[in-house]
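Here is the structure we will look at, set down as structure tokens.
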Amino acid sequence: MKLMFISDIHGSLYWLEQALAKAEEEQPHTLVILGDFLYHGPRNPLPEGYNPQGVADMLNAYGKSLVAVRGNCDAEVDQMLLQFPMMGDYVLILHEGRKIYATHGHGFSIDHLPALSPQDVFIQGHTHVPVADLKEGIYVLNPGSIALPKDNHPNSYGILENGEFRIKDFGGNIIKQIRL
Numbered sequence: 131m132k133l134m135f136i137s138d139i140h141g142s143l144y145w146l147e148q149a150l151a152k153a154e155e156e157q158p159h160t161l162v163i164l165g166d167f168l169y170h171g172p173r174n175p176l177p178e179g180y181n182p183q184g185v186a187d188m189l190n191a192y193g194k195s196l197v198a199v200r201g202n203c204d205a206e207v208d209q210m211l212l213q214f215p216m217m218g219d220y221v222l223i224l225h226e227g228r229k230i231y232a233t234h235g236h237g238f239s240i241d242h243l244p245a246l247s248p249q250d251v252f253i254q255g256h257t258h259v260p261v262a263d264l265k266e267g268i269y270v271l272n273p274g275s276i277a278l279p280k281d282n283h284p285n286s287y288g289i290l291e292n293g294e295f296r297i298k299d300f301g302g303n304i305i306k307q308i309r310l
């Protein structure tokens, strides 16, 4: 089962369109969105193609094959526009015999892990910085941001397939990867 992870859309219809085009290429079983859907946030600039209503419409059309969690820039008013649940702080996914704890990263984070067992997976967004590492026996991952990458990283997304997590830019280049 192939999973695709995106995070930190921040209202960018342009970058959501790019991500969903990659989803069409990648053909994941499930698209997992790690929060920050519609609003750019007060600390962020307006992203390219800022159009929160367009983002909501596009995600609603795609909604049947996605799983989502709330980000720190998401609010109840956003849930009113989105036709799939996205207000949970985390979701647990069982994948190829592993537990994946998926969250935005503003509560539990790579620096403040929840109770997980060795070889489990923790994945977050929030920092806009790609991560593929092992910490205290837990795989810690972050696909980066599709719309507002930080620290000179490119716009990126993550793919988990056949026991390997790859972070890719939109040119198809692998930025980081780790075998689970």
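Each step along the sequence shown adds one to the number in the working numbering, with nothing skipped, and position 172 is 302. Ideal placement from N, C-alpha and C gives every residue a C-beta, glycine not left out.
Met188 to Lys298 span [Cα, whole Å]:
Stepping through the sequence shown from its first residue, residue 188 is reached at position 58. Stepping through the sequence shown from its first residue, residue 298 is reached at position 168. About 22 Å.
Closer than 8 Å is the cut-off here; do at least three beta carbon pairs connect the region 158-169 with the region 191-199?
yes
Test item: CB-CB of His234 and Gly165 under 7 Å
Numbered from its first residue, the sequence shown carries residue 234 at position 104. Numbered from its first residue, the sequence shown carries residue 165 at position 35. Yes, the pair counts as a contact, with Cβ atoms nearer than the cut-off.
When DSSP labels each residue in this structure, what does Ala153 get in the three-state scheme?
Here the question's residue 153 lines up with position 23 in the sequence shown. Helix, per DSSP.
Measuring straight from C-alpha to C-alpha, what distance separates Pro279 and Val199?
Against the sequence shown, residue 279 aligns to sequence position 149. Against the sequence shown, residue 199 aligns to sequence position 69. Spanning the two alpha carbons is a distance of roughly 19 Å.
Report all residues from its chain with a CB closer than 8 Å to the CB of Trp145; omit the five preceding and five following residues, and keep chain order.
The residue you call residue 145 lines up with position 15 of the sequence shown. Excluding positions up to five away in sequence, the list reads Ile139, Pro177, Glu178, Gly179, Ile276, Ala277 and Asn285.
For Met216, which beta-bridge partners are listed by DSSP?
To locate residue 216, count along the sequence shown from 1; it is residue 86. Answer is none; Met216 lacks a bridge partner.
Please state if the CB of Leu310 and the CB of Gly288 are separated by a distance shorter than 7 Å.
On the sequence shown, position 158 is the one that residue 288 refers to. On the sequence shown, position 180 is the one that residue 310 refers to. Contact flag unset, no.
Measure from the alpha carbon of Pro172 to the alpha carbon of each residue in Tyr269, Asp204, Leu243 and Ala149, then state which is nearest.
Taking the sequence shown and counting its residues from 1, one reaches residue 172 at position 42. Taking only the C-alpha atoms, the option nearest Pro172 is Asp204.
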